[in-house]
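Engineer:
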Amino acid sequence: MRKLRGWFRATSKRVAPFQRASWEAWQQGSSGLLIAPTGSGKTLAVLGGPLVNAAASGTGPGLRLLWITPLRALAGDTQRQISEAALGMGLNWRVLRRTGDSGGTERARVARGAVEALVTTPESLSLMLSHPDIGERMRLVETIVVDEWHELLGNKRGVLLQLSLARIRALRPDVRVWGLSATIGNPAQALRVLLGAANGGTLIQAPTRRAVDLVTALPERAQRFPWGGHLGLAQLPRVLAAITAARTTLVFTNTRSQAELWHQALSAVWTDDGAQLAIHHGSIDRAERERMETQLAGGELRAVVATSSLDLGVDFAAVDLVVQIGSPRSVARLMQRAGRSGHRPGARSRLLLVPTHNLEIAEAAALRGAIADTVIESRIPPGLSLDVLAQHLVTLSVGGGFDEVEMLGEVRGTEAFASLTLTDYERVLRFITHGGEALASYPQFQRVLRDECGRYVISSPAHARLHRFSIGTIASDPSVRLTFVRGATLGEVEENFAARLKPGDRFRFGGRTLELVRLRDLVAQVRVSRKPANSVPRWLGGRLPLSGTLAAATRAQLAAPASRQREMRALSPMLERQRQSSHLPQVSELLVEVVRLREGTFWFLYPFAGRLANEGLAAVLTARLATLRPLSVTYSMNDYGLVLHARNLPPLDAQLLRTLLDPRDLDVALANGINLAELARRRFRDIAKIAGLLMPSRPGAPRALRQLQASSGLLFDVLSEHDPTHVLLEQAHREVREETLEIERLRAALVDIERGEIFLTRPEGLTPFAFPLWAESLRGHLTHEDWSARLARMAESLEAA
Numbered sequence: 002m003r004k005l006r007g008w009f010r011a012t013s014k015r016v017a018p019f020q021r022a023s024w025e026a027w028q029q030g031s032s033g034l035l036i037a038p039t040g041s042g043k044t045l046a047v048l049g050g051p052l053v054n055a056a057a058s059g060t061g062p063g064l065r066l067l068w069i070t071p072l073r074a075l076a077g078d079t080q081r082q083i084s085e086a087a088l089g090m091g092l093n094w095r096v097l098r099r100t101g102d103s104g105g106t107e108r109a110r111v112a113r114g115a116v117e118a119l120v121t122t123p124e125s126l127s128l129m130l131s132h133p134d135i136g137e138r139m140r141l142v143e144t145i146v147v148d149e150w151h152e153l154l155g156n157k158r159g160v161l162l163q164l165s166l167a168r169i170r171a172l173r174p175d176v177r178v179w180g181l182s183a184t185i186g187n188p189a190q191a192l193r194v195l196l197g198a199a200n201g202g203t204l205i206q207a208p209t210r211r212a213v214d215l216v217t218a219l220p221e222r223a224q225r226f227p228w229g230g231h232l233g234l235a236q237l238p239r240v241l242a243a244i245t246a247a248r249t250t251l252v253f254t255n256t257r258s259q260a261e262l263w264h265q266a267l268s269a270v271w272t273d274d275g276a277q278l279a280i281h282h283g284s285i286d287r288a289e290r291e292r293m294e295t296q297l298a299g300g301e302l303r304a305v306v307a308t309s310s311l312d313l314g315v316d317f318a319a320v321d322l323v324v325q326i327g328s329p330r331s332v333a334r335l336m337q338r339a340g341r342s343g344h345r346p347g348a349r350s351r352l353l354l355v356p357t358h359n360l361e362i363a364e365a366a367a368l369r370g371a372i373a374d375t376v377i378e379s380r381i382p383p384g385l386s387l388d389v390l391a392q393h394l395v396t397l398s399v400g401g402g403f404d405e406v407e408m409l410g411e412v413r414g415t416e417a418f419a420s421l422t423l424t425d426y427e428r429v430l431r432f433i434t435h436g437g438e439a440l441a442s443y444p445q446f447q448r449v450l451r452d453e454c455g456r457y458v459i460s461s462p463a464h465a466r467l468h469r470f471s472i473g474t475i476a477s478d479p480s481v482r483l484t485f486v487r488g489a490t491l492g493e494v495e496e497n498f499a500a501r502l503k504p505g506d507r508f509r510f511g512g513r514t515l516e517l518v519r520l521r522d523l524v525a526q527v528r529v530s531r532k533p534a535n536s537v538p539r540w541l542g543g544r545l546p547l548s549g550t551l552a553a554a555t556r557a558q559l560a561a562p563a564s565r566q567r568e569m570r571a572l573s574p575m576l577e578r579q580r581q582s583s584h585l586p587q588v589s590e591l592l593v594e595v596v597r598l599r600e601g602t603f604w605f606l607y608p609f610a611g612r613l614a615n616e617g618l619a620a621v622l623t624a625r626l627a628t629l630r631p632l633s634v635t636y637s638m639n640d641y642g643l644v645l646h647a648r649n650l651p652p653l654d655a656q657l658l659r660t661l662l663d664p665r666d667l668d669v670a671l672a673n674g675i676n677l678a679e680l681a682r683r684r685f686r687d688i689a690k691i692a693g694l695l696m697p698s699r700p701g702a703p704r705a706l707r708q709l710q711a712s713s714g715l716l717f718d719v720l721s722e723h724d725p726t727h728v729l730l731e732q733a734h735r736e737v738r739e740e741t742l743e744i745e746r747l748r749a750a751l752v753d754i755e756r757g758e759i760f761l762t763r764p765e766g767l768t769p770f771a772f773p774l775w776a777e778s779l780r781g782h783l784t785h786e787d788w789s790a791r792l793a794r795m796a797e798s799l800e801a802a
């Protein structure tokens, strides 16, 4: 330990109390979870124990440290930090990466065991488990570190990692497992999930959070009738001024399309060297991303427009300002992104928040309050993801096989499958051996068999090769590779977007305007164009949900408009107009507005339950209304409320509202109001890909999206008719209820409404709260007038009135 402290002094580092506590816990043989601010030295805190032990014992060659990172982009920076620390301790450690980007030489060195520290991803770790010599590879491993654990905790990647850690613990019972996290609201549960049956570890939390200086870019003139997005690029001069005054700035957007648009806008007004403005997102080619990351770390770039691709971990000490375009939709995401600036111990983070519509100004005020009160959302881990379990069991069957009884105990040792029933376990085993009852006669689904010893093993080398190619839980849509005509790769776009392009069409990508030359075999050949772009690629799944914590805090801000916060003062004209024309709902009230326009009658409801739950509520109301009279109802929603529109909506009173909003029989109303089968069909495709029911194509020949849809749709129909209790069908329906529709959040909102007050008003026209919902309802219905032009004209009319 003295040698480690000496190296700290030699590098002008001060040992923080949480670092010392981590070293001592490791030396006592403990596993645990370390929660500390971004840039405060978490990496060195968990490295200290293994390095001190290696330096003292003089151990020979072999893998000692396994470092799990959620992003391949973090692997290089982590590899560098481990190498520097090992060298500082006098250790001649070989530190390698094993990710999807690794080359053949590096993979061969890892396979030979010519490595002491290995940086890898959950998917690559699972792939390692598919090799029969995994026990020998893990023979000397002392420590496993899971970096950015909060990013894995709440999704299926984390479930896959839980299963992989359980397998390694079975091989190495004395291995220490440590998780690192910067922002998490449920640390005790996070520790329990990380360690599984080996719980009882150490939870270490740094005493202070990173200080964040949050500034909101308020519009010069707040409009009383806003709509989504209308404040965005109007703040371009303010954003440019902030970038100019800073050394290096990260400009975060919530979607890749938005990143392309903001990079284009900044390029149009950029007066410095154009090479100092860059764009970074997950669809840009890896080599280009890594080049930008190197330049950013070296302070060579003035500004980078990015998405969540730069949210995590990489140490960019030169960044002293973060700009967030639009609401980050959660407190945790704001803290994570803010922590990209001032990325060093004791420094303050600076963040400029640029609202894109008025209610995001209220969200900014809510975020400021949450930061002051140190309120962070919990990451809820999924349970019983049987598609992930099926994939893991096939992986182990490739890696030498497993015993049915022993494996059940191992799987139940994880938090994700602690409640796994014997019946469900046997159903998963039947699925991996013959696909289920309806598919038992098809050889392609007979991937696993029982050998003469009763162990489950892979049925053929061909199935083993295909399975290794499909390991992972990120069910992305098929992509089209973008290349220049002469061959250089730019990145990729989703096939849905590329299929709509014709030769000569122009679009923005990676900060350039590109023109399509030809599209062939899922490769789009393009050239740079000087003409304006016609479009920007759209990627699916880009819309971020509003967290329940932030939704409740925003509602509280709107219910108390006398706040001294400058954001709420800026909103006072809009809120005063809302109060005069209708009502400002209190936290325990549901505001309902009935408005008659020339298009018919509109019901506006404001439960502040989030977009998904609001969509479910709109479907419930529509279904229950249909039992009263024949109706043709359309609806729209945002994160704050929903609107129903019809020519012949019935007269609305408090009694009818209570009937329509009854939390009982919610499942029946949802089934009647939404085509749950169609939602389950869409969900089933991703589940089937993860579980291996949709057989992957050979490497280098990805199947087209329409082929995947056709295959999954056919399987869904066959199973629905001939095997309706199939394990994957049931999971698809469960995930639609729990995740697609957020039924528990919807149920909780209806219970709150039942216990609270309903405030019913009948304004003479659209109110400020109603206007963005009415605007959303117009999307896709206008043919002779531009959508934004009509909204601007309507807003001016209401303002004049």
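Residues in the sequence shown are numbered from 2 upward in steps of one, following my numbering. Using N, Cα and C, we set each Cβ at its ideal position, and we do this for glycine too. As the structure is a computational prediction, the values presented were derived from the model and not from experiment.
#1: Counting along the chain, where does the alpha helix (DSSP H) carrying residue 206 start and finish?
#2: Could you name the residues that DSSP lists as bridge partners for residue 214?
#3: Nearest to residue 692 by CA position, among 672, 394, 248 and 459, is which residue?
#4: Between residue 503 and chain C, is there a C-beta pair that is closer than 8 Å?
#5: Is residue 486 helix, strand or coil by DSSP?
#6: Using the C-alpha atoms, what's the distance from residue 624 back to residue 192?
#7: Measuring CB to CB, does residue 451 end up less than 8 Å from residue 457?
#8: By the 10 Å Cβ neighbour count, where 16 or more other Cβ atoms means buried, how is residue 475 classified, buried or exposed?
#9: Take the Cβ of residue 503 as the centre, count every other Cβ of all protein chains shown within 10 Å, and call the residue buried at 16 or more, exposed below.
#10: What does a CB cutoff of less than 6 Å around residue 707 pick up in its chain, not counting 5 residues either side in sequence?
#11: Going by alpha carbons, who is nearest to residue 682 out of 655, 39, 431 and 741?
#12: Buried or exposed: where does residue 781 fall if 16 or more other Cβ atoms within 10 Å of its Cβ makes it buried?
#13: Which residues in the same chain have their Cβ closer than 6 Å to the Cβ of residue 361, if we skip the five residues on either side of it in sequence?
#14: Give a yes or no on contact between the stretch 624-641 and the stretch 573-586, applying the rule of three or more CB pairs nearer than 8 Å.
#15: Applying the criterion that 16 or more other CB atoms from any shown protein chain within 10 Å of the CB defines a buried residue, is residue 358 buried or exposed?
#16: Report all residues from its chain with a CB closer than 7 Å to the CB of residue 376; omit the five preceding and five following residues, and keep chain order.
#17: Quick check on this structure: which residue in 761, 292 and 677 has the alpha carbon closest to the alpha carbon of residue 739?
#18: Name the DSSP bridge partner or partners of residue 403?
#19: Under a three-way DSSP split, which group does residue 127 fall into?
#20: By a C-beta neighbour count over all protein chains shown, 10 Å radius and 16 as the cutoff for buried, is residue 38 buried or exposed?
#21: If we count the other Cβ atoms within 10 Å of its Cβ and call it buried at 16 or more, is residue 165 buried or exposed?
#22: If you run the structure through DSSP and keep just helix, strand and coil, what is residue 426?
#23: Using the three-state DSSP reduction, which class does residue 702 fall into: helix, strand or coil?
#24: Just list the residues that DSSP pairs residue 607 with in beta bridges.
#25: Within the same chain, show all residues whose beta-carbon is closer than 7 Å to that of residue 1, passing over the 5 residues directly before and after it, in chain order.
#26: Mapping DSSP to helix, strand and coil, what is residue 416?
#27: Identify, in the order they occur along the chain, each residue of the same chain with its Cβ nearer than 7 Å to the Cβ of residue 680, setting aside the five sequence neighbours on each side.
#28: Residue 305 bridges to which residues according to DSSP?
#29: When the Cα of residue 179 is compared with those of 289, 364 and 46, which residue comes out closest?
#30: Is the number of C-beta pairs between the stretch 432-443 and the stretch 365-380 that are closer than 8 Å three or more?
#31: Considering residue 770, what are the terminal residues of the beta strand (DSSP E) in which it resides?
#32: Near residue 320, what residues of its chain come up, given a Cβ to Cβ distance below 6 Å and the 5 sequence neighbours on each side ignored?
#33: Label residue 423 either buried or exposed according to how many other C-beta atoms from any shown protein chain fall within 10 Å of its C-beta, with 16 as the threshold for buried.
#34: Answer with buried or exposed for residue 455, where buried requires no fewer than 16 other C-beta atoms within 10 angstroms of its C-beta.
#35: DSSP state of residue 90, grouped into three classes?
#36: My output table needs one value for residue 15: the three-state DSSP class, helix, strand or coil.
Structural biologist: Let's see:
#1: Where residue 206 is concerned, there is no enclosing alpha helix (DSSP H), although the beta strand (DSSP E) it sits in stretches over 203-206.
#2: 351
#3: 394
#4: Chain labels in this structure do not include chain C; a single protein chain is all it has.
#5: coil
#6: 43 Å
#7: yes
#8: exposed
#9: exposed
#10: In this predicted model, residue 707 has a pLDDT of only 46, less than 50, meaning its place in the structure is not dependable enough to derive any value.
#11: 741
#12: Note on residue 781: pLDDT 45, under 50, position unreliable in the model; the coordinate value appears next. So residue 781 ends up on the exposed side.
#13: 328
#14: no
#15: buried
#16: 332 and 550
#17: 677
#18: 457
#19: helix
#20: buried
#21: buried
#22: helix
#23: Since pLDDT at residue 702 reaches only 46, below the 50 mark, its modelled position is unreliable, and no value is offered.
#24: 592
#25: Any question about residue 1 goes unanswered here, given that the chain covers just 2 to 802.
#26: coil
#27: 737 and 741
#28: 251 and 279
#29: 46
#30: no
#31: Where residue 770 is concerned, there is no enclosing beta strand (DSSP E), given that its DSSP letter is neither H nor E.
#32: 249, 251, 341 and 342
#33: exposed
#34: exposed
#35: coil
#36: coil
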